[in-house]
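A.B. asks:
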Amino acid sequence: MVSWRRFRLDVRYALLLLALLAGTAAAWLVHRHLADVEAQLQARHRVETAPVVVADRMLGAGTMLSADAAAVRAVPVAWLPGDALRPEDFDAIAGAPLVRALTAGEVVRWSDLQLGTRSAFSAQLAPGRRAVTIAVDEINSLSGMLEPGDVIDLYVSFEHGGRRVTRLLLGEAGVLATGRQRADARDEAGDGFATVTLEATPADAVRLVAARQQGSIAAMLRRPGDTGAAAAFEGGDLATLLGMPAPAPRPRVVPVIFGDRAPSVMPTLDGESRVVDGLRGFAGDWAHGMDGDAP
Numbered sequence: 003m004v005s006w007r008r009f010r011l012d013v014r015y016a017l018l019l020l021a022l023l024a025g026t027a028a029a030w031l032v033h034r035h036l037a038d039v040e041a042q043l044q045a046r047h048r049v050e051t052a053p054v055v056v057a058d059r060m061l062g063a064g065t066m067l068s069a070d071a072a073a074v075r076a077v078p079v080a081w082l083p084g085d086a087l088r089p090e091d092f093d094a095i096a097g098a099p100l101v102r103a104l105t106a107g108e109v110v111r112w113s114d115l116q117l118g119t120r121s122a123f124s125a126q127l128a129p130g131r132r133a134v135t136i137a138v139d140e141i142n143s144l145s146g147m148l149e150p151g152d153v154i155d156l157y158v159s160f161e162h163g164g165r166r167v168t169r170l171l172l173g174e175a176g177v178l179a180t181g182r183q184r185a186d187a188r189d190e191a192g193d194g195f196a197t198v199t200l201e202a203t204p205a206d207a208v209r210l211v212a213a214r215q216q217g218s219i220a221a222m223l224r225r226p227g228d229t230g231a232a233a234a235f236e237g238g239d240l241a242t243l244l245g246m247p248a249p250a251p252r253p254r255v256v257p258v259i260f261g262d263r264a265p266s267v268m269p270t271l272d273g274e275s276r277v278v279d280g281l282r283g284f285a286g287d288w289a290h291g292m293d294g295d296a297p
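For the sequence shown, our numbering gives the first residue as 3, with consecutive numbering after it.
1) Opposite Leu176 in the DSSP bridges: which residues?
2) Among Pro53, Val39 and Leu67, which one has its Cα closest to the Cα of His47?
3) For Thr168, name the three-state secondary structure that DSSP assigns.
4) What's the gap between the Cα of Gly217 and the Cα of Glu161?
5) As an exercise, report each continuous alpha helix (DSSP H) stretch of at least 4 residues that is fully enclosed by the stretch 78 to 108, in chain order.
6) Can you tell me the Cα-Cα spacing of Tyr157 and Asp206, whole angstroms?
7) Out of Ile95, Pro78, Pro204 and Ala21, state which residue places its alpha-carbon closest to the alpha-carbon of Ala71.
8) Give the DSSP-derived three-state secondary structure of Val211 in the structure shown.
9) Please report how far the alpha carbon of Thr168 lies from the alpha carbon of Val134, in whole angstroms.
10) Give me, in chain order, the residues of the same chain whose beta-carbon lies closer than 7 Å to that of Leu61; leave out the 5 immediate sequence neighbours on both sides.
11) So the candidates are Trp81, Met66 and Thr26; which of them puts its Cα closest to the Cα of Val49?
12) With 16 as the cutoff for other CB atoms within 10 Å, does Val79 come out buried or exposed?
13) So if DSSP puts Pro53 in a beta bridge, which residue, or which two residues, is it bridged to?
14) What are the boundary residues of the beta strand (DSSP E) that Ala220 is part of?
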């Protein structure tokens, strides 16, 4: 009797153990099935990518492609152009200018680069033209927005005849370079240049140097394609430009010398009495001298 009860108890334990094993196996099978389904979905939607060189920011045509202006991104192979620039090829083209503008994140292509055409800076000048450099703090406008290839009008303000006047200094001046960047190789940073180099005739270059030393130069940026004449006005002082009336002229002062006396000042009619008194004094002295000489 006792053995039978023990047998029944052992069967219950065995069934419980079997149920636990079956539940564990079922859970593992479900997990394995879900993992397989997830792997299949990932494989079905997986996109093959490849590292390529892209523009780190908006780059204009003529910008020098340097490490600061480029970045490496993983781009889907299906979207890559055949001549996409690979990171391992970057050192071979570093410093080459772009032939077209690129947006931020756009893939750099070999056809976007101007290779093997860099020339001396002086070769950019037209026959009979000169390059003149101005410190950027002397151009008190545009605040770093100038780029090689821009066209500007230059005005100079200086002291003349006791007043400060402004005149057109140079119209349609072409910007050759800003700081250390050239028109065929723009600055990687895009701003912060220290100087601006302009193209001018020899005569205009001399005027520009004189204005740089004696006046304050301001630049006005022209719209691309604008070939209109720059404003050359006659009245260059601020009051005239604002339509204010000119101040009344100062009275004319004429020095008058009476014999051996110190010069007297004869202004306009307001000082006539003082001049007459001086004449009377001179006449009195002359009459007194005549009386002293009489016997």
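Glycine included, each C-beta is placed from N, C-alpha and C at the ideal position.
C.D. replies: On the basis of the supplied data:
1) What you label residue 176 is simply residue 174 of the sequence shown in a count that begins at 1. Inspection of the sequence shows that residue 176 is occupied by Gly rather than by Leu. Answer is Val153 and Glu201.
2) Translated into positions along the sequence shown, residue 47 becomes position 45. Selected option, being the one with the closest Cα: Val39.
3) For the purposes of this step, residue 168 is taken as residue 166 along the sequence shown, with counting starting at 1. Thr168: strand per DSSP, three-state reduction.
4) Sequence index remark: in the sequence shown, residue 217 carries index 215 (1-based). Sequence index remark: in the sequence shown, residue 161 carries index 159 (1-based). If you take the alpha carbons of Gly217 and Glu161, they lie about 8 Å apart.
5) Within the stretch 78 to 108, the complete alpha helix (DSSP H) runs of at least 4 residues are 92 to 95.
6) Numbered from 1 along the sequence shown, position 155 holds the residue referred to as residue 157. Numbered from 1 along the sequence shown, position 204 holds the residue referred to as residue 206. Within the model, the alpha-carbon separation for Tyr157 versus Asp206 is close to 13 Å.
7) Here residue 71 refers to the residue found at position 69 of the sequence shown. Relative to the Cα of Ala71, the nearest Cα in the group Ile95, Pro78, Pro204 and Ala21 belongs to Ile95.
8) In the sequence shown, residue 211 corresponds to position 209, counting from 1. Residue state, collapsed to three classes: helix.
9) As a position in the sequence shown, residue 168 is number 166, starting the count at 1. As a position in the sequence shown, residue 134 is number 132, starting the count at 1. Thr168 and Val134: Cα-Cα distance of roughly 21 Å.
10) As a position in the sequence shown, residue 61 is number 59, starting the count at 1. Within the same chain, Leu61 has close Cβ partners Ala71, Leu100, Ala103 and Leu104.
11) For the purposes of this step, residue 49 is taken as residue 47 along the sequence shown, with counting starting at 1. Residue Trp81 is the option with its Cα nearest to Val49.
12) Looking up residue 79 in the sequence shown gives position 77. Flag for Val79 reads exposed.
13) Start at 1 with the first residue of the sequence shown, and residue 53 comes out as number 51. Looking at the DSSP output, Pro53 bridges to Ala76.
14) If you number the sequence shown from 1, residue 220 lands on position 218. It spans Ser218 to Leu223 - the beta strand (DSSP E) in which Ala220 sits, taken as one unbroken run.
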